[in-house]
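So the structure is just underneath, and the comments pick up after that.
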Amino acid sequence: MTEIPPNPPAPRHIGVPSIDQPDDAVLAALHRARTAGEAAATWVRALADRQDDELHGKALCRTADAIERASHWEVVPGSDGHLTEQLRHALSADVLLGNLTAGSAPDLAPGERLPLVAVCAIAAALPGTVLGDLPRELQALAADLEDAARTGSIATEAGDARGLSAARPRFVLGNDDTNALDRHAYQRVLARGSESFEIALYYQGGDEHPMQARAEALHNALAVMAPAVAAAAILRASYDPALGLDQEQWKHLQDVAGALDLDVVEDLTGANGDGLPAEVPASTAAPDAG
Numbered sequence: 560m561t562e563i564p565p566n567p568p569a570p571r572h573i574g575v576p577s578i579d580q581p582d583d584a585v586l587a588a589l590h591r592a593r594t595a596g597e598a599a600a601t602w603v604r605a606l607a608d609r610q611d612d613e614l615h616g617k618a619l620c621r622t623a624d625a626i627e628r629a630s631h632w633e634v635v636p637g638s639d640g641h642l643t644e645q646l647r648h649a650l651s652a653d654v655l656l657g658n659l660t661a662g663s664a665p666d667l668a669p670g671e672r673l674p675l676v677a678v679c680a681i682a683a684a685l686p687g688t689v690l691g692d693l694p695r696e697l698q699a700l701a702a703d704l705e706d707a708a709r710t711g712s713i714a715t716e717a718g719d720a721r722g723l724s725a726a727r728p729r730f731v732l733g734n735d736d737t738n739a740l741d742r743h744a745y746q747r748v749l750a751r752g753s754e755s756f757e758i759a760l761y762y763q764g765g766d767e768h769p770m771q772a773r774a775e776a777l778h779n780a781l782a783v784m785a786p787a788v789a790a791a792a793i794l795r796a797s798y799d800p801a802l803g804l805d806q807e808q809w810k811h812l813q814d815v816a817g818a819l820d821l822d823v824v825e826d827l828t829g830a831n832g833d834g835l836p837a838e839v840p841a842s843t844a845a846p847d848a849g
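What follows is the structure in structure tokens.
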């Protein structure tokens with residue numbers, strides 16, 4: 560008896576929704592892809608504006624235009640799912656080289672180069688979703704495009720912040736008269752250390768062995784104060800834009816600081832009054848699900 564072969568997999572073009580009547584899932588996916596593409600293109604244009612060489616700037620602007628087109632017009636149901644040669648060239652990895660006729664390489668920071676390639680590669684893959692399960696595949700790629708663009712933007716913001724010392728937080732906890740909660744946290748830690756010092760000095764017999772007693776008292780005071788001082792420094796480092804932290808990294812440093820001294824963290828984040836903003840910085844905020 561001749562064995563009946565299994566059914567072959569359905570071709571990817573089966574089930575493509577009609578361009579005339581896209582359902583809600585398709586519309587949501589198209590909207591997210593377009594929004595993600597616009598955000599990515601905005602970042603790439605910011606890179607273009609930074610270029611001293613006009614040739615590199617124009618090349619990056621062409622890439623930004625290609626990202627927008629690939630994430631919008633090229634994903635409309637009913638298209639053939641293939642990029643034109645012009646779009647494919649604009650989204651290729653040699654975007655890192657800029658205009659090859661320029662005299663130097665484009666101005667791209669190390670943290671920007673890989674996200675730029677990722678943005679181009681994902682944008683180039685978007686049109687292929689019209690040949691398959693467009694809502695599911697397009698949503699997944701749009702999410703990846705959002706992540707890549709956000710990573711690049713964080714790297715750009717971090718690089719900009721490194722040149723602006725005024726934007727950096729003050730890491731050392733101190734008696735800051737201009738910040739009520741900074742002063743509050745400092746006085747809290749100082750009170751703990753002073754109390755520990757005096758108690759240890761009293762029980763060590765300061766009159767009989769003054770040097771030894773003071774050394775032991777100082778040891779006790781430092782042991783009490785050190786976690787709080789470290790917590791303040793780590794907390795403030797988490798707000799430093801020059802670090803380019805993503806949301807997960809920011810949350811990790813916040814948790815580390817809280818584990819060291821939650822009272823001081825609450826002082827400095829405003830839980831006990833006015834201090835540093837308690838919410839996540841804008842550069843690390845998660846995007847809308849779309």
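Note that the sequence shown covers residues 560 to 849 in the numbering used here.
Every residue, glycine too, gets a C-beta built ideally from N, C-alpha and C.
In this chain, the alpha helix (DSSP H) harbouring Ala-714 covers 693 to 721. Per DSSP, the unbroken alpha helix (DSSP H) holding Val-823 starts and ends at 821 to 828. The C-alpha of Asp-612 lies about 18 Å from the C-alpha of Glu-671. The DSSP-derived three-state label of Ala-759 is helix.
The alpha carbon of Arg-773 has as its nearest neighbour, out of Leu-760, Ala-780, Val-783, Pro-694, the alpha carbon of Leu-760. Exclusion of the five residues before and after Leu-802 leaves no residue of its chain whose Cβ lies closer than 6 Å to its Cβ.
Here Val-676 has Ala-652 as same chain residues with Cβ atoms under 6 Å from its own Cβ, once five neighbours each way along the sequence are excluded. Contact annotation: Ala-649 and Arg-695 have beta-carbon atoms that are not nearer than 8 Å.
In this model, Leu-619 and Gly-733 are separated by some 46 Å (Cα to Cα). Pairwise C-beta distances place the stretch 781 to 801 in contact with the stretch 811 to 820, as three or more of them are shorter than 8 Å. For Leu-777, the enclosing alpha helix (DSSP H) has its first and last residue at 769 to 797. Excluding five sequence positions before and after Ser-755, the CB atoms of its chain that fall closer than 7 Å to its own CB belong to Asn-779, Ala-780, Val-783, given in chain order.
Residue Ala-683 holds the alpha-carbon nearest to the alpha-carbon of Gln-645 among Ala-661, Leu-614, Ala-683, Ala-707.
Secondary structure note for Ala-599: its alpha helix (DSSP H) is the uninterrupted segment 583 to 609. Residue nearest to Asp-666 within the set Gln-610, Leu-700, Val-654 is Gln-610 (criterion: CA-CA distance). The closest CA to that of Ala-708, considering only Ser-753, Pro-674, Gly-691, is found on Pro-674. In this structure, Asp-822 lies away from His-743, with their beta-carbon atoms at least 8 Å apart.
Around the beta-carbon of Arg-591, 16 or more other beta-carbon atoms lie within 10 Å, marking it buried.
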